[in-house]
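See structure below.
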Amino acid sequence: MKPILEIKNLSVDFKVNDKALRAVDDLSMTIYRGDIVGIIGESGSGKSTLASGILKTVRAPGKVSQGEIIYHTPDGEKVDLLKLSSKEYAKYRWTNITTVFQAAQNVLNPSLKIKEHFLETAWAHDNSLSDAEIMEKAKELMKSVRLEERVLESYPHQLSGGMKQRTIIALSLLLEPDLLILDEPTTALDVITQWYIIDILRKIHDKTNITMIFLTHDVSIIGSVVNRLAVMYAGQLVEYGDVESLFFDPTHPYTYGLMHAIPSLRDDMSKRRAIPGYPPNMLNLPHMCRFTPRCPIAQAGKCEGIKEKTDVMYNSKDSQFTRCYSWEKVKEL
8 MKPILEIKNL SVDFKVNDKA LRAVDDLSMT IYRGDIVGII GESGSGKSTL ASGILKTVRA
68 PGKVSQGEII YHTPDGEKVD LLKLSSKEYA KYRWTNITTV FQAAQNVLNP SLKIKEHFLE
128 TAWAHDNSLS DAEIMEKAKE LMKSVRLEER VLESYPHQLS GGMKQRTIIA LSLLLEPDLL
188 ILDEPTTALD VITQWYIIDI LRKIHDKTNI TMIFLTHDVS IIGSVVNRLA VMYAGQLVEY
248 GDVESLFFDP THPYTYGLMH AIPSLRDDMS KRRAIPGYPP NMLNLPHMCR FTPRCPIAQA
308 GKCEGIKEKT DVMYNSKDSQ FTRCYSWEKV KEL
């Protein structure tokens with residue numbers, strides 16, 4: 008497999024009351040061309056900040072304090088996105104790397120018709136397309152997200168939440184990008200609409216083989232669309248690997264807790280347990296493994312939670328990595 012994005016030792020800091028809050032802490036991972044990678048974790052785990060780092064949209068008081076994000080273009084060129092100026096990055100934004108935010112109503116301009124959003128996006132990034140060509144592509148994309156052509160003549164306020172979200176997905180695909188980042192694209196939508204959008208995304212991937220990064224806190228929907236899964240906790244990547252392996256044979260106790268908290272219609276609901284406690288205060292992190300206060304292995308006295316041992320990732324099995332140095336004991340839970 009060929010990589011499309013290499014994230015190396017990425018850290019993003021925010022200045023809060025003269026202290027540095029590290030929202031993403033020394034994160035490294037490789038995303039391969041054609042993959043759909045899910046990134047999961049509780050609210051505040053650093054998922055959206057990671058996406059902002061990739062898109063170079065971290066705003067003050069935040070800043071990328073270290074790291075590299077190497078984008079492999081279709082031509083084989085390697086580009087460190089973090090070294091680009093805003094003007095240089097604009098060459099890749101929407102044309103190569105694009106995003107779908109969770110709040111579509113905040114993205115669409117209420118004074119413009121949907122067709123005008125397509126026209127303005129194309130004009131801003133590819134002036135070689137005629138208006139007729141843009142509209143033809145827009146019609147095809149609206150069909151691909153199961154919306155009628157007449158929606159192009161509508162204003163955003165005339166659309167439902169699900170229709171707006173599908174419109175943004177279509178808009179993000181207008182310039183045939185390499186990489187699509189979806190930040191909580193189904194949040195605040197009803198369950199039926201969530202699965203409807205998931206099915207659309209899966210079919211778009213099957214047709215175009217576009218690489219996707221899917222960020223969500225909803226573990227229950229992620230497994231049906233992604234093929235690789237990354238788990239974040241308190242700003243750190245704690246596990247990364249094949250989605251089926253992480254669901255059925257996790258090697259980090261936090262991943263184990265997430266998977267065993269998902270409601271299921273197939274087994275006894277009384278067996279499902281929420282992870283006890285709360286994530287740590289990011290401004291006052293304990294000098295130990297960040298998951299120790301909530302970890303069943305540590306609570307059973309089988310792991311000391313030594314911080315220095317959690318500063319690296321361990322290869323727990325083929326193409327699966329974990330931050331837990333006691334990962335073999337997860338099988339005993």
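Quick note on the numbering used here: the sequence shown kicks off at 8 and runs consecutively. For glycine and all other residues, C-beta sits at the position ideal for the given N, C-alpha and C. It should be emphasised that the depicted structure is a prediction, and the values quoted were computed from it without experimental measurement.
Collapsing the DSSP output to three states places His267 in coil. Lys26 sits close to Leu290, with the two beta carbons spaced by under 8 angstroms. Three or more Cβ pairs closer than 8 angstroms define a contact, and the region 60-79 falls short of that threshold against the region 253-264. According to DSSP, Val107 shares a beta bridge with Leu189. Put simply, of Thr223, Val107, Tyr162 the residue whose alpha carbon is nearest the alpha carbon of Val233 is Thr223. Fewer than three beta-carbon pairs drawn from the region 141-161 and the region 12-23 are found closer than 8 angstroms, and the two stretches are therefore not classed as touching.
Taking C-beta separations shorter than 6 angstroms and ignoring five residues to either side along the sequence, the partners of Thr200 in its chain run Gly169, following chain order. Between Ser55 and Val250, the alpha-carbon positions lie close to 20 angstroms from each other. The alpha carbon of Lys338 has as its nearest neighbour, out of Tyr261, His294, Val65, the alpha carbon of Tyr261.
Judged by DSSP secondary structure, Phe328 falls within the beta strand (DSSP E) whose first and last residues are 327-329. Pro117 and Ser167 have their C-alpha atoms roughly 13 angstroms apart.
About 17 angstroms separates the beta carbons of Gly83 and Asn216, which is beyond the 8 angstroms limit, so they are not a contact pair.
Per the coordinates, the alpha-carbon of Ala30 lies some 33 angstroms from the alpha-carbon of His124. Between Ile188 and Ile38, the CB-CB gap reaches or exceeds 8 angstroms. For Gln73, the enclosing beta strand (DSSP E) has its first and last residue at 69-79. Tyr99 carries a coil assignment under DSSP once its states are collapsed to helix, strand and coil. Taking a contact as a CB-CB distance under 8 angstroms, the pair Lys144 and Leu181 counts as one, their CB atoms being some 6 angstroms apart. Within the same chain, Val245, Thr317, Met320 come within 6 angstroms of Arg330 by CB-CB distance, once the 5 residues on both sides are set aside. Looking only at Gln327, Ala307, Ile304, Tyr240, the smallest Cα-Cα distance to Tyr285 is reached by Tyr240.
Of the residues Leu126, Ser59, Ala67, Ser137, the one whose Cα lies closest to the Cα of Leu88 is Ser59. Membership of Arg173 in the alpha helix (DSSP H) is indicated by the continuous run 168-179. Around the Cβ of Lys98, a 10 Å sphere holds fewer than 16 other Cβ atoms; the residue is exposed.
If you look at Gly60, you'll find it in the alpha helix (DSSP H) that goes 54-62. With fewer than 16 other Cβ atoms inside 10 Å of its own Cβ, Met8 counts as exposed. Between Trp334 and Ser326, the C-beta spacing is not below 8 angstroms. Trp130 counts as exposed, since fewer than 16 other beta carbons sit within 10 angstroms of its beta carbon. Distance from the CA atom of Phe108 to the CA atom of Ile204, rounded to whole angstroms, is 13 angstroms.
Counting only residues of its own chain and dropping the five nearest sequence neighbours on each side, Gly45 has a CB closer than 6 angstroms to the CB of Phe221, Ile229, Val233, Leu236.
Closest in alpha carbon position to Arg66, among Glu49, Ser50, Ser93, Val86, is Ser93.
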